[in-house]
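Student:
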Amino acid sequence: MKKRVRVLILFMMVFFSAAIADQTKWIAIGSLHNWYSSAGCEIEVGRTHQVSDQQDGLRWPALYRWQDMQAAKALWIGTTDYDDPISGQHYNYKVVHVGPRGLDENNEFMPVEFKMIGRFQAPVVVVDGLLASHTVYMDEVDEVDPNLFCDRMIFNVVNTSIGITVTRKIYAWSQQYNDNYFIYEYVFKNTGIIDKEGTVVEKTLKDVIFFFQYRYAICREVGPYGLYYLPQSTSWGHNTINHAIYYHPDFPFNAIFAWHGRHSKCKFDNIGGPHYTGDGHLGASQFPGVVVLWADKSAKEHVNDYNQPFSTPKLGSDEDITKPNDQFNPAMMTKEYAVMSSGRPSMTHAEEANYVPIFDPATQSLTMDPLKGDPGDLSPEATPGGFSQCMGFGPYTLEPGDSVRIVLAEGANGISRKLCYEIGKKWLTGSGPFELPDGSTTNNADEFKNAWVYTGIDSLLMTFRRAKENFDNNYNIPLGPPPPESFEVISGGDRITLGWKAEAAQNYDYFAGFRVYRAIHKPDTTFDLIFECGQGTDHPEVVTEFVDKSPVRGFNYYYYVTTFSNGGDNVVEPGRPMESNLFWTRTIEPAFLRRPPGRKLEDIRIVPNPYNVKAREIQFGEGAPDRIMFYELPPVCDIKIYTERGDLIKVIHHTDGSGDEEWNCNTMYRQVVVSGIYLAYIEVTQDYHDPETGELIYRKGDSIVKKLIVIR
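Heads up: the sequence shown is residues 34 to 745, going by the working numbering.
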């Protein structure tokens, strides 16, 4: 019996591993970051398969932590009156699936090709000898094509068991006006290939529908895998509100979008996700969405059909048809196809939940009434999982060899991070009058907050328009100045030195100069401009090095360098300089001052002393909350930390020749030290002579003991 159980467990492990063996790649070169699967769509927890990554991907603004808005996606392909060559059965409705939860790469959606093509390799970014850019693991380029019309392209081919081959191309730009969306170009071709062996079964497919599902959860920062000040169910989109807009004489495209709606468990108005127990900042003010750029009218008429998508239902994200699907279950496929072909509902999800859209035809501006709308988790027909927004294209007839092309753009936008803090702080204090976006005032703090949050809808529509202009112009947009090829940061005793190589940038037709930005404590925060050189600057001479002499000892510093143009390449705001994207060179490893060695053991100082855990923010900041610094050290020595009773808990070998060393309050067993009195025994491990005079400053074996107090 035990043997049978072990065999069963082993079989399940092998089966499960095979079922989730898809490859993934990130596109992370602009303000929007997302990962993609070789299976052709990004399923729930499909990258790490960890529940803690319920919200994973579609990060905007990606500079900041916990900005994930993607919970799950799905792509279903359905047809009717289908004789299945695999099962030998006839199905009135046949549907194959990838997502929102299930994925079968061996028998249903079978990857053929998956690669990343780049216009150039990411810059090499180094801090104190360490590779220090997120691009090391989030920008894996397989091929370089200097003639590519975008900065990154993922090329993905997938065969399906229904005989349709999916070719997906994903385009991304780092250019400042077009870095917050991706364009997805799909070609669905009836190749007849139904399995991994390449078996071809030629048949005409009738009433084919391509059905996309989008489960957004906005956003990770406010829920259990972020700061956790809003209900747990926000992490799976329980309160997400979806809306659809359609092409008409006053509006140029079809699109869907979503936002963080009201939640019944919140005792305050949670539109925008205000941090009500903290500083009030808005942690969920984003609007993600998808715009349709092209959909073939038929396999014979390759013209854009403005009536597509013909089907835009909302779908309960925990409905039975969203669970791991079965391409051989006729009853379930009948239910699936019914949803796929259900058409456009008379009311959108938002309208059903009593959100009131306000559209101005003259300006093509769209917002929502700031005081209307029910909690998303209590909206009509609400489910524990909230709702996904869907788009169905078709129905098409595909004869052998026929294909249809569908082009979508997915993007995100909203009010700026700076405005999130300003609006949230004013809302939290509750002291009016408050100025609304149109210049009028109100004494209602919720109306004020929500009106500003909903201006993010127009920001998203601007993103959609830029994606459409890009597509309509055959992707012929300025790519902007190239970033430096390499960027190095070196910590020093009284300065931090930055240097970069930028041959391509300096050969750019519109090249004007370089800018250097810096952040303190952590790399996922706002950076400040600290230096610029070139045209129109106080340093007209172009240089490729900058010495930062302003850092303070004990703090972490992060940098990025950009190339900027003279504005001659800017077609959006002519004359305004364009700038290479910060994500090419942003450092994620810290640089900090390394003080020259001290000259007397008696001068050694321990800071802070006493160390008080309650004073973290006024010691070395949130980026290094447990840091204790030793200053004025010999260039080479050992620091041994003992408890008051004489137990050795930590040995630090100081060998970098500076006068500084840090300790993060951990023992040699990686435990955090408790409150108490500690003794630091500092011993010189080699003779040291003054490099200029030759005078002996330290002799090997010299030592001193310093007392240290820790309060927790």
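Ideal Cβ placement from N, Cα and C applies to all residues, glycine included.
From which residue to which residue does the beta strand (DSSP E) around F142 run?
Tutor: Counting along the chain, the beta strand (DSSP E) containing F142 begins and ends at F142 to G151.
Student: By the DSSP assignment, the alpha helix (DSSP H) with L494 in it spans what residues?
Tutor: Residues A478 to D505.
Student: Rounded to whole angstroms, what's the CA-CA distance from W460 to C252? Just pull it up for me.
Tutor: The straight-line gap from Cα to Cα measures roughly 20 Å.
Student: Can you tell me whether Y261 is buried or exposed, with buried defined as 16 or more other CB within 10 angstroms of its CB?
Tutor: Under this definition Y261 is an exposed residue.
Student: Residues in the same chain with beta-carbon distance under 6 Å from V131, minus the five sequence neighbours each way, listed in chain order, please.
Tutor: Cβ within range, chain order: A72, G73, C74, L108 and F142.
Student: Pull the bridge partners of K740 from the DSSP assignment, please.
Tutor: L712.
Student: Where does the unbroken alpha helix (DSSP H) through I456 begin, and where does it stop?
Tutor: From DSSP, the alpha helix (DSSP H) with I456 extends over R450 to T462.
Student: Of the choices Y593, L562 and T237, whose alpha-carbon is the least far from that of L531?
Tutor: With distances taken between Cα atoms, L531 lies closest to Y593.
Student: What separation, rounded to the nearest whole angstrom, lies between the Cα atoms of Y590 and M380?
Tutor: One C-alpha to the other measures close to 51 Å.
Student: So what's A371 in DSSP terms, helix, strand or just coil?
Tutor: DSSP places A371 in helix when its eight states are reduced to three.
Student: Which partner residues does P321 have in the DSSP bridge list?
Tutor: Answer is A445, bridged to P321.
Student: Would you say the stretch 403 to 410 touches the stretch 147 to 155, given that touching needs at least three Cβ pairs under 8 Å?
Tutor: Taking 8 Å as the limit for Cβ pairs, the verdict is that the stretch 147 to 155 does not touch the stretch 403 to 410.
Student: Rounded to whole angstroms, what is the Cα-Cα separation between M186 and K202?
Tutor: So the two alpha carbons sit approximately 7 Å from each other.
Student: Go ahead and label Y731 buried or exposed: buried means 16 or more other beta carbons lie within 10 angstroms of its beta carbon, across all protein chains shown.
Tutor: It counts as buried.
Student: Note down the Cα distance separating N362 from R450, rounded to an integer number of angstroms.
Tutor: Straight-line Cα distance between these residues: approximately 48 Å.
Student: Quick one: what's got a C-beta closer than 6 Å to T200's C-beta in the same chain, skipping five residues either side?
Tutor: Cβ neighbours of T200 beyond the five flanking positions: V190 and V220.
Student: Terminal residues of the continuous beta strand (DSSP E) containing Y170?
Tutor: That residue, Y170, is in no beta strand (DSSP E); its alpha helix (DSSP H) goes T168 to M171.
Student: Can you tell me whether DSSP reads T267 as helix, strand or coil?
Tutor: If DSSP states are grouped into helix, strand and coil, T267 belongs with the helices.
Student: For Q32, report the span of its alpha helix (DSSP H) as first-last.
Tutor: As shown, the chain starts at 34 and ends at 745. That puts residue 32 outside it, with no answer to give.
Student: Report all residues from its chain with a CB closer than 7 Å to the CB of C566; omit the five preceding and five following residues, and keep chain order.
Tutor: For C566, where only same-chain residues beyond five positions count, the Cβ hits under 7 Å are G546, F547, H572, E574, V575 and V576.
Student: Just list the residues that DSSP pairs C299 with in beta bridges.
Tutor: None; C299 has no bridge partner.
Student: If I measure Cβ to Cβ from S166 and keep anything under 6 Å in the same chain, skipping five residues before and after, which residues do I get?
Tutor: If we look at S166 and ignore the five residues flanking it on each side, its Cβ neighbours are V158.
Student: By a C-beta neighbour count over all protein chains shown, 10 Å radius and 16 as the cutoff for buried, is L164 buried or exposed?
Tutor: Looking at its Cβ environment, which holds fewer than 16 other Cβ atoms inside 10 Å, L164 is exposed.
Student: Less than 8 Å separating the beta-carbons of I60 and A205?
Tutor: In contact: I60 and A205 (Cβ atoms closer than 8 Å).
Student: Where does G196 fall in DSSP's three states?
Tutor: G196: strand per DSSP, three-state reduction.
Student: Measuring CA to CA, which of G692, Q122 and I744 is closest to Y721?
Tutor: Cα-wise, what sits closest to Y721 is G692.
Student: Does DSSP classify T355 as helix, strand or coil?
Tutor: T355 falls in the helix class under three-state DSSP.
Student: Using the rule of at least 16 other Cβ atoms within 10 Å of the residue's Cβ for burial, across every protein chain shown, is H296 buried or exposed?
Tutor: H296 comes out buried.
Student: Could you spell out the range, first to last residue, of the alpha helix (DSSP H) harbouring Q539?
Tutor: Per DSSP, Q539 belongs to the alpha helix (DSSP H) from E536 to Q539.
Student: Give every residue of the same chain whose Cβ lies closer than 6 Å to the Cβ of V549, excluding the five residues on either side of it in the sequence, and list them in chain order.
Tutor: Excluding positions up to five away in sequence, the list reads I563, F564, F579 and V594.
Student: Express the C-alpha separation of F560 and R551 in angstroms, rounding to a whole number.
Tutor: Their Cα atoms are separated by approximately 5 Å.
Student: Contact check, G447 vs G489 under 8 Å by CB: the rounded distance?
Tutor: Between G489 and G447 the Cβ distance is about 3 Å, and since that is below 8 Å, they are a contact.
Student: With 16 as the cutoff for other CB atoms within 10 Å, does T345 come out buried or exposed?
Tutor: Under this definition T345 is a buried residue.
Student: Which one or two residues does DSSP pair with I110 in a beta bridge?
Tutor: DSSP output for I110 lists V129 and F243 as bridge partner(s).
Student: Looking at the structure shown, is A104 part of a helix, part of a strand, or coil, going by DSSP?
Tutor: Strand at A104.
Student: Tell me the rounded alpha-carbon separation between P257 and G727.
Tutor: In a straight line, the C-alpha of P257 is about 60 Å away from that of G727.
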